[in-house]
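See structure below.
Chains as they are written, first to last, in my numbering: chain A, 1051 to 1299; chain B, 71 to 450.
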């Protein structure tokens, strides 16, 4: 386990507005290296916008975002941020539908991303070994040659998590990994995320409270673009503000 | 599995197709030149030139399929790169005319003498050298595509917006080339060519040779495209086509990939245009008409997008149909047929000819395919 000493992700006072609507309103959040963090909140709380800020898809109107102490995320684009070691899984599973499972992982594997390198690239036994191990981790070994578009919803979610792992990121951002999964698949996903957390920092955004409870990690609650509570799942579910937001008055 | 990138490109169908091209490149000139016109196997010279023209169109279609079928970049202005390559070749052949022109000026082409120009504009310098002209055939379309693409891809202009500005590009060039003071012969363009590398362009032997060279260029273009699409680079292109922002979050510099493949494709289109001009004997601004570029996209759609082979087959079939129709009583209805063809293919044969056959073939053998998805589902 990575020692909990350094702050890996640091967001301070992040503000984003879309046409006068405040998607994020003075949001501050820090994630320690090696931690797994769950971010919850009702619809429109700003969870996905927060991911967009971290991955460079959206620029904040104000505030600071630092990764690994020194990298200012607000000045970098998606590619540069991915190179720094932040991987992202989307809410809707996005895999490359017309590629095979193997090629999806191959494209994600940490490697030189420059065009002239991929033009002359050749497969090596080392690469296929890495793909073998990834397939085992995400439980898709029998589906290696399948076209990704033909996988079930849950399998696509896992494949996307596998692609994240293949990137060997320092920080994984996982957006609603169990949306649309069966209970059995959800349990397997919990195990998978815990396994991943052994050597990587993970931020999970989720709706499903039962899933978050099973993860058993520190929880941050967002509402209207700001953090309203943080702590263990029991602490935040006892918080009055949280109850109010989730259940309404 | 661990094959060299150059061998990996050759699957069974590609080998058969390339073999066929070699037979055609050698066989047709032989049947044209060595057999007497009375023989049943004799290929008349007009047919050699006609099919030579189709082969150039096929190379243009191939260049469009490379970017549209594999990277999702729909250029509706590829005719511009084709025409620029054609103009570069035309300029070389104009300079070869020398004193044989109507006005007999040793340096200035006829149209410049007619316009009372006293000296050659600087951008015509060097075109008397074949090597320089051939360099320009690739360089002019390539550099234009690079600059255009650099701005467009960096600003993340995609989809229909990109298609529209490529239309604007070719339209703007058309307007420019129509002007006499642009220095490319205005609406008459460049014509009345005499010879190429010392050979008479009208001669039967030259025409047969141009045909063979065009087929060879098509074969080389096909092989190059195959090598690209079967490499890891090609897999990244397909990834960009299917989920552009996902590719970006994986750390790939999407704009660099697009720029490289777009520039390459434009250079290929330029070569196609350069081979086309000596075979038809003229290049004029009508080659820049937006309609031409759209027609070329229809060839690819009919043959099967994202199959390479389909682009070649589509270009030849549609152009053969065009020649057949526009020379008969049905000539006024050709455009209706072309429009109908595009709608028909989109509705009934969305994978195109080759795509449909391939899909059926893989389906019969119980395999799943890596087809172009029928409906794009861009990632947000």
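Beta carbons are placed, not taken as given, at the ideal position from N, Cα and C, and that holds for glycine. For clarity, every value in this text was computed on a predicted model and none was experimentally measured.
Item: Proximity winner among 216/B, 407/B, 283/B and 387/B, relative to residue 332/B (alpha-carbon distances); Value: 216/B
Item: Residue 1186/A classed as buried or exposed, judged by whether at least 16 other C-beta atoms fall within 10 angstroms; Value: exposed
Item: DSSP three-state assignment for residue 357/B, whether helix, strand or coil; Value: helix
Item: Chain A contacts from the segment 117 to 144 of chain B (Cβ-Cβ distance under 9 Å); Value: none
Item: CB-CB length for residue 1255/A against residue 1224/A, believed under 8 Å; Value: 7 Å
Item: Residues that residue 1271/A bridges to, as DSSP identifies them; Value: 1090/A and 1279/A
Item: Amino acids of chain A, ordered along the chain, whose beta-carbon sits closer than 9 Å to that of residue 265/B; Value: Within 9 Å Cβ-Cβ: nothing; residue 265/B doesn't reach chain A, min ~39 Å.
Item: DSSP-derived helix/strand/coil call for residue 149/B; Value: helix
Item: Those residues which DSSP pairs with residue 1138/A across a bridge; Value: 1223/A
Item: Identity of the residue in 310/B, 207/B, 316/B and 349/B nearest residue 269/B by Cα; Value: 349/B
Item: Segment limits, alpha helix (DSSP H) that includes residue 180/B; Value: 180 to 184
Item: Buried/exposed call for residue 108/B, threshold 16 Cβ in 10 Å; Value: exposed
Item: Contact check, residue 345/B vs residue 280/B, beta carbons under 8 Å; Value: yes
Item: Reduced DSSP category for residue 195/B - H, G, I as helix; E, B as strand; rest coil; Value: coil
Item: Buried versus exposed, by CB contacts within 10 Å (16 or more), residue 231/B; Value: exposed
Item: CB contact below 8 Å: residue 445/B versus chain A; Value: Annotation note: pLDDT 43 at residue 445/B (below 50); position unreliable, coordinate value reported separately. Not an interface residue.
Item: CB contact below 8 Å: residue 71/B versus chain A; Value: Below a pLDDT of 50, predicted positions are generally treated as unreliable, and residue 71/B, at 43, falls in that range; no measurement from the model is reported.
Item: Residue 352/B in three-state terms, based on DSSP; Value: strand
Item: Where residue 1061/A falls: helix, strand or coil (DSSP); Value: strand
Item: With 16 other Cβ atoms within 10 Å as the buried cut-off, status of residue 1148/A; Value: buried
Item: The segment 144 to 158 of chain B touching the segment 377 to 388 of chain B, judged by at least three CB pairs closer than 8 Å; Value: no
Item: Minimum Cβ-Cβ distance from residue 225/B to chain A less than 8 Å; Value: no
Item: Beta-carbon gap between residue 89/B and residue 284/B smaller than 8 Å; Value: no
Item: Three-state secondary structure assigned by DSSP to residue 1195/A; Value: coil
Item: Amino acids of chain A, ordered along the chain, whose beta-carbon sits closer than 8 Å to that of residue 291/B; Value: Simply none; closest approach about 17 Å.
Item: Residue 1273/A at chain B interface by Cβ criterion, 8 Å; Value: no
Item: Residues of the segment 289 to 317 of chain B whose Cβ lies closer than 7 Å to any Cβ of chain A, in chain order; Value: 301, 302, 303, 305, 306, 308, 309, 312, 313 and 316
Item: Chain A within 8 Å of residue 214/B, Cβ atoms only; Value: no
Item: Interface flag, residue 1158/A vs chain D, CB-CB below 8 Å; Value: The question asks about chain D, but that chain is absent: this structure's protein chains are A and B.
Item: C-beta neighbour in chain A for residue 24/B, strict 8 Å; Value: Here chain B comprises residues numbered 71 to 450, so residue 24/B is not present and cannot be evaluated.
Item: Residue 1176/A, DSSP secondary structure in three states; Value: helix
Item: Residue-level contact to chain A via CB, residue 418/B, 8 Å cutoff; Value: no
Item: 8 Å Cβ cutoff met for residue 1277/A and residue 1269/A; Value: no
Item: DSSP state of residue 213/B mapped onto helix, strand, coil; Value: helix
Item: Meets three-Cβ-pair contact criterion under 8 Å: the segment 366 to 383 of chain B and the segment 252 to 264 of chain B; Value: no
Item: Buried versus exposed call for residue 1290/A [16 or more other C-beta atoms within 10 Å across all chains shown]; Value: exposed
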